[in-house]
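So for the sequence shown, our numbering puts the first residue at 66; every next one is plus one.
The C-beta atom is built at its ideal place from N, Cα and C for all residues, glycine as well.
Since the structure is predicted, the reported quantities are computational estimates derived from the model, not experimental observations.
Here the structure is laid out as structure tokens; the discussion comes afterwards.
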Amino acid sequence: MHILFTAAGGWGHVEPLMPLAQAAAALGHSVTFAVRPRMQASVARLGYATVVAGTDRGLTPVRRELQALDMEGELRAVGTGFAGRIARERGADLLTIIRTRRPDLVIYEETDFGAQVAAEKMNIPCVRVIVIGAGGFIRPEYVAGPLDAVRAEQGLLSDPQLTARTRGGTLSPFPPGYRAPEDPLPADTRYVNNFGEPIPSAPPTWPGQFDAAPLIYFTLGTIFGVEAGNLYGRVLAGLHDLPVNVLATVGRDVDPAELGPQPSHIRVEQFLPQSEVLPHCDLVICHGGSGSVLGALAHGRPMVILPLGADQPLNAARCAELNLARTLDAFSATPAEISTAVAAVWREPRYGERARETAATIAAQPDARRVMEDLVMRDG
């Protein structure tokens, strides 16, 4: 079987597809990724065939000062961007890709509206993978209009309630109880453990060694770090006097030297894979991106979340509601407030207990190989 995996965004949109792609390849199936140009090299380095669909417009990081949250603006951007312009660009390219490569199955991350349109147009089975953990970000009142315009251009019927996206099935790497009840997933959703076998606790490969104090992992993801302004500095200042070790990553587009000299218990790197850090840390400070949150939960790590945009405020609210994290306003939080929140999450047992319970739930979900076997049996 030839399986086409598609992602409309950056690494946070690609990564949830990787365990499924690895499982498909291990089962002997042909795998191709259709990604935006900026992501092609990263996926190709992992050994997969890649094709480009769409452009990099809006994906290339741009340095700017931290902005106050505007959730209304974020929701509108999903409609005009992902469901409008990006769906139109990628949908046209994906139609050509499907006609020439003739995949038997399309597996797309949920913001790749163009992939679903192209698969429907070509009558190819397709499966949606959830990447917006808490839900509530893809809303018909913002998305259906722009998406219907794209659908009409391809001769497809209007879909005001976005039901076409659920017809081929849905996979979610998040545990069922994490989803906000206001935006439930379909009853036939399959839940998958994207972390497979227990992650080995190999010695960390980052330079230097820490002492036995608790280790805090601080990340603002691969995209939003360039929009964080002075948040890096405020968080690190809040950790200066705590009896902890800190490993911070700022992304490939930020120079750690910009943050100035740090005390010996704080180490700043550009990038380290989450899988290399999460097994060894005790607490995560992050922006609330769905990938960062899922990684922390799968490893049973409680969080302090400072949302910057996109779906992050929704994840932050859900994590706070479930006692998985404390949340702070990234725009205004002071070093003292950050220090207090970190100390509270570390000292109050409920946060760690809930995180470990959630990790156990994720671990009990079928692994990617089992899910792929079932999909192939259904659609093969």
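Leaving out the 5 sequence neighbours to the left and right, which residues in its chain are closer than 7 angstroms to Asp177 when beta-carbon positions are compared? Thr71, Ala72, Ala73 and Arg155
Touching or not, the segment 362-379 and the segment 111-127, by the rule of three or more beta carbon pairs under 8 angstroms? no
What residues in its chain sit with their C-beta under 7 angstroms from that of Met437, if we drop five residues either side in the sequence? Leu85, Ala88, Ala89 and Leu92
Contact defined as beta carbons within less than 8 angstroms: I believe Ala408 pairs with Arg391. What is the distance between those atoms, to the nearest angstrom? Wrong, their Cβ atoms sit about 10 angstroms apart, outside the cutoff.
Buried or exposed: which applies to Leu69, given that a residue is buried once 16 or more other Cβ atoms fall within 10 Å of its Cβ? buried
Under a Cβ-count criterion, where at least 16 other Cβ atoms within 10 Å of its own Cβ denotes burial, should Ser357 be classed as buried or exposed? buried
Applying the criterion that 16 or more other CB atoms from any shown protein chain within 10 Å of the CB defines a buried residue, is Phe202 buried or exposed? buried
Which same chain residues, not among the five before or five after Glu402, have their C-beta less than 7 angstroms away from its C-beta? Leu393
Backbone secondary structure at Phe239 - three-state DSSP: coil
Cα-Cα, which of Met66, Val192, Val215 and Val441 is closest to Arg167? Met66
CA nearest to the CA of Glu139, picked from Phe98, Asn310, Pro378 and Gln339: Pro378
What are the complete alpha helix (DSSP H) segments, minimum 4 residues, inside the segment 74-122? 76-79, 83-91 and 102-109
Shortest alpha-carbon distance to Val116 belongs to which of Arg110, Ala99 and Arg103? Ala99
So, at 6 angstroms on beta carbons, what are the nonlocal neighbours of His330 in its own chain, with the 5 sequence-adjacent residues on each side left out? Asn310
Give the straight-line distance between the Cα atoms of Asn295 and Val342, rounded to the nearest whole angstrom. 24 angstroms
Just the Cα atoms here: how many angstroms apart are Arg103 and Val96? 19 angstroms
Tell me which same chain residues have a C-beta within less than 8 angstroms of the C-beta of Ala375, skipping the five on either side of it? Glu139, Phe202, Phe289 and Gly354
Going by the DSSP bridge assignment, what does Thr392 pair with across the sheet? Ile370
Look up Asn258 in the DSSP assignment and say whether it is helix, strand or coil. strand
So, under 8 angstroms CB-CB, Ala199 and Arg383 are touching, yes? Tell me the CB distance rounded to an integer number of Å. 4 angstroms
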